[in-house]
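Participant:
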DNA sequence: ATTTTTAGCGAAAACGTTTTCGTGTTGATA
DNA sequence: TATCAACACGAAAACGTTTTCGCTAAAAAT
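Below is the structure:
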């Protein structure tokens, strides 16, 4: 009998109960001694702490979560992780979360409405204290936000970033898409571009829309009348990552149809880099014949030849801000329920943090 | 009094106890009814299930975790998330984890030994059932693996991927670095390259070492004597992502010193793409003067001009395999403790899954 | 008519904590 | 000597589950 145990002893984590039993005191005494309560005598405290240290006691997180009714973990819900921007955001979230004693648990919606819901429900069952998320494309298309309302109504706060929506009452962190686009296009104009094209997405993606508006605004501000022929809307429902040729063909056709183009503003770096590639194939020189600016500062921009001038989104900073917003709200709730009748027990209003964009000048502009 | 509650009623998740109270039965009855136990009468079962559905009852995950002493969540610990390879691995892990009812919680070591340890301890306190990890550079350098042994000894299984180490008793998923390199270099040789250079990292990174060995093997196999001058070892302790010029200078110098080079094999895509860029600046044509093959099939390879021929690592597949290995071990433990004296109660041996590499041919080779 | 079975339910323990509220002992005070 | 703090500790509840074991009453069997 007990052969198995004799064969290989693995030391499971020790609990308060075991310490108590071993030292012949009560569980409460152990707990208090370990937290340094003055209730317990110097002697026993010493003894218990030494024992706990020896056996590397660490309180069980799950038990603490159950007791405190808070898990100290943040749920991140994003459409896609193999994406430079989103991973920088996660890095930012993880940084401040860890610093403030939180863990992060990530779910991927894969741009799907149902996966977004399933993931939310999976995590909202007590696993997390709050969400940081960016809305999936399908959800934006359907405009169905009931799951967000539902979790907020259950007392689980949400912070949205980048792809946000005004219908949901929560904190938001966005990049100044509009002004970023204005800056980029203005720069092209100042660099003497006369015919500036826009390569963008379909309108239901809020950020794409805003960047388009910024493009138009910049043109108008410089008294240039926009030409709809100079705007190329890519339908990215066909997953463009795997059909690169389609994208290239579309852009090639676009450039051929508009031979006067001498400047391109693209709403993401893939479109921008592809535009450069196509332009070169068509015999144009970048930046001398055509100047290009993209949005989102990722690896592609940095390592393309010529390297791409971009509007940087500061993903990491967005993540950090989002995490700070969420944690502040979570910890405000704590103190609130205690000082029930203090005068600062109303919740802070929902705020929208705007991260300024920055133009990173590289070789694709003059 | 209770002004706050009247102002805005938020519906906290309902518990078994509340249902029990409301329907005037015991908690046990509710629990059994919801799980469809035959102990409970048809009537009460109906009533309870209807009520639970109406109030959207969902069992509290934390309570379940405490009771079952398993969390159904996997801890992922990687050096860096803003990295195409690692994010594809995460995607793979998340895919199968979700399908099998698990969540993933991620920690970033940032290539630091201490952050790796802190993260492990933070999660090993009951938050997760097992780890999937890739070892940080600093840990590999120090060769200090006590924290891995410690957590395994606590009964928390580990699956390592990509950056693994033989000293630790756990399942491993690696790419066939050696043969991948052999294939790549052989391809260059078959493409008539006579002087093939290697751009690699310092030796303490296991994968770099293996790829270097593969390079040497391929040469020898074709009766070519390796020339140490043709091997460039990059010291990436200087974080090369932020000092791109340093890397370029080093490679430029290298190419100038070895003007006969007509083929380059690089152990990652950054080195490969940079080599192409530098070669072009020095007036070489890729692939006509110099052919280039990289390791790791990421965005850079796909979108570089010319696009880069690479050895694909299949990160997603690695993640999927790793998750399957871990979950199988976790669930084997379950049944094992029950059938204590069955004849299959010994643990499965630790296995090392090797993911085959694949050469993706693009424009940088002929 | 008495015993046995069975259906239907509840009490309680357990998971690992923290915290509130006793309670017994000691030494000092009245 | 009787009363009272102060001190040092333990018992128990609570967080939300599941599960084992009892228990009661009715139905079935003897």
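Protein chains in written order, with this note's numbering: chain E, 21 to 386; chain H, 21 to 386.
C-beta: ideal position from N, C-alpha, C; glycine also.
Can the beta-carbon of residue 217 (chain H) be found closer than 9 Å to that of residue 128 (chain H)?
Facilitator: Not closer than 9 Å, so no.
Participant: Residues in its own chain within less than 6 Å of residue 215 (chain E) by CB, not counting five upstream and five downstream?
Facilitator: Contacts found: 280, 281, 282.
Participant: For residue 68 (chain E) and residue 111 (chain E), I'd like the C-alpha separation in whole angstroms.
Facilitator: Going by the C-alpha atoms only, they are around 39 Å apart.
Participant: Would you say residue 119 (chain E) reaches chain H, if we count a Cβ-Cβ gap shorter than 9 Å as a contact?
Facilitator: By this cut-off, residue 119 (chain E) is not an interface position.
Participant: Indicate whether at least one CB of chain E lies closer than 9 Å to the CB of residue 51 (chain H).
Facilitator: No, because no Cβ of chain E sits closer than 9 Å to the Cβ of residue 51 (chain H).
Participant: So, under 8 Å CB-CB, residue 207 (chain E) and residue 385 (chain E) are touching, yes? Tell me the CB distance rounded to an integer number of Å.
Facilitator: About 7 Å separates the two Cβ atoms, so the contact holds.
Participant: Using a Cβ cut-off of 9 Å (strictly closer), state whether residue 82 (chain E) contacts chain H.
Facilitator: Output row for residue 82 (chain E): interface = yes.
Participant: Roughly how many angstroms lie between the CA atoms of residue 199 (chain E) and residue 233 (chain E), to the nearest whole one?
Facilitator: Answer to the nearest angstrom: the Cα atoms are 9 Å apart.
Participant: Can you list, in chain order, the stretches of the beta strand (DSSP E) that have 3 or more residues and sit fully within the stretch 224–300 of chain H?
Facilitator: With a minimum length of 3 residues, the continuous beta strand (DSSP E) runs that stay inside the stretch 224–300 of chain H are 251–254, 283–286.
Participant: Could you say which of E:308, E:225, E:341 lies nearest to residue 159 (chain E) if we only look at CA atoms?
Facilitator: Looking at the Cα atoms, E:225 is the closest of the given residues.
Participant: Scan the stretch 150–202 of chain E and note each continuous alpha helix (DSSP H) run of 4 residues or more that stays entirely inside, going in chain order.
Facilitator: Taking only runs of at least 4 residues, the alpha helix (DSSP H) segments lying wholly in the stretch 150–202 of chain E are 157–162, 166–173.
Participant: By the criterion of Cβ-Cβ separation under 9 Å, what are the contact partners of residue 86 (chain H) in chain E?
Facilitator: Neighbours of residue 86 (chain H) on chain E, chain order: 80, 82, 83, 85, 86.
Participant: Judging by CA-CA distance, which residue of H:108, H:93, H:268, H:124 is the nearest neighbour of residue 100 (chain E)?
Facilitator: Among H:108, H:93, H:268, H:124, the Cα nearest to that of residue 100 (chain E) belongs to H:108.
Participant: My understanding is that residue 75 (chain H) touches residue 137 (chain H), with C-beta atoms under 8 Å, so please give their C-beta distance in whole angstroms.
Facilitator: Actually they are not in contact, since the Cβ atoms of residue 75 (chain H) and residue 137 (chain H) sit about 44 Å apart, beyond 8 Å.
Participant: Residues bridged to residue 123 (chain H) by DSSP?
Facilitator: Note: residue 123 (chain H) sits in a beta bridge opposite H:93.
Participant: Could you pull out every residue in the same chain whose Cβ sits closer than 8 Å to the Cβ of residue 375 (chain H), ignoring the five residues on either side in sequence?
Facilitator: Taken in chain order, the residues that qualify are 193, 194, 195, 196, 333, 334, 337, 338, 341.
Participant: Could you pull the start and end residues of the alpha helix (DSSP H) that residue 371 (chain E) belongs to?
Facilitator: Taken as a continuous stretch (DSSP letters only), residue 371 (chain E) belongs to no alpha helix (DSSP H), as it is neither H nor E.
Participant: Per DSSP, what are the beta-bridge partners of residue 218 (chain H) in this structure?
Facilitator: Residue 218 (chain H) pairs with H:251, H:285.
Participant: Taking just the CA atoms, how far does residue 142 (chain H) sit from residue 44 (chain E)?
Facilitator: Going by the C-alpha atoms only, they are around 29 Å apart.
Participant: Can you find the residues in the same chain that come closer than 7 Å, C-beta to C-beta, to residue 235 (chain H), ignoring five residues on each side of it along the sequence?
Facilitator: For residue 235 (chain H), where only same-chain residues beyond five positions count, the Cβ hits under 7 Å are 201, 205, 218, 285.
Participant: State the Cα-Cα distance for the pair residue 429 (chain E) and residue 94 (chain H), rounded to the nearest angstrom.
Facilitator: Here chain E covers residues 21 to 386 and nothing more, so residue 429 (chain E) does not appear.
Participant: Among E:162, E:176, E:155, E:134, which has the Cα closest to the Cα of residue 146 (chain E)?
Facilitator: Nearest option by C-alpha distance: E:176.
Participant: Determine, for residue 30 (chain H), whether the minimum Cβ-Cβ distance to residues of chain E falls below 9 Å.
Facilitator: Closer than 9 Å: yes.
Participant: Listing by chain order, which chain H residues have their CB less than 9 Å from the CB of residue 114 (chain E)?
Facilitator: Neighbours of residue 114 (chain E) on chain H, chain order: 101, 126, 127, 128.
Participant: In chain E, what lies closer than 7 Å to residue 163 (chain H) by C-beta?
Facilitator: Within chain E, no residue comes near residue 163 (chain H); the closest Cβ sits about 23 Å away, beyond 7 Å.
Participant: Please give me, in chain order, every unbroken run of the alpha helix (DSSP H) with length at least 4 that falls completely inside the stretch 46–71 of chain E.
Facilitator: 47–54, all fully within the stretch 46–71 of chain E.
Participant: What distance in whole Å lies between the Cβ atoms of residue 251 (chain E) and residue 270 (chain E), which are believed to be in contact at a cut-off of 8 Å?
Facilitator: Not a contact, Cβ separation roughly 13 Å.
Participant: Rounded to whole angstroms, what is the Cα-Cα separation between residue 237 (chain E) and residue 321 (chain E)?
Facilitator: About 25 Å.
Participant: If we cut at 9 Å on Cβ distances, does residue 332 (chain E) have a partner in chain H?
Facilitator: It does not: the Cβ of residue 332 (chain E) has no partner Cβ on chain H nearer than 9 Å.
Participant: Name the chain E residues whose beta carbon is nearer than 7 Å to that of residue 110 (chain H)?
Facilitator: In chain order: 101.
Participant: Measuring straight from C-alpha to C-alpha, what distance separates residue 81 (chain H) and residue 64 (chain H)?
Facilitator: Approximately 25 Å between the Cα atoms of the pair.
Participant: What is the DSSP secondary structure of residue 336 (chain E), counted as helix, strand or coil?
Facilitator: If DSSP states are grouped into helix, strand and coil, residue 336 (chain E) belongs with the helices.
Participant: Give every residue of the same chain whose Cβ lies closer than 7 Å to the Cβ of residue 46 (chain E), excluding the five residues on either side of it in the sequence, and list them in chain order.
Facilitator: Once the five neighbours on either side are set aside, the close Cβ partners of residue 46 (chain E) are 40.
Participant: Are any of the Cβ atoms in chain E nearer than 9 Å to that of residue 211 (chain H)?
Facilitator: No - not a single Cβ of chain E is within 9 Å of the one on residue 211 (chain H).
Participant: Residue 19 (chain H) touches chain E at which residues, Cβ-Cβ below 7 Å?
Facilitator: The requested residue 19 (chain H) does not occur in the structure, where chain H is confined to residues 21 to 386.
Participant: Is the beta carbon of residue 347 (chain H) closer than 9 Å to that of residue 328 (chain H)?
Facilitator: No; because the gap between Cβ atoms is not below 9 Å, this pair is not in contact.
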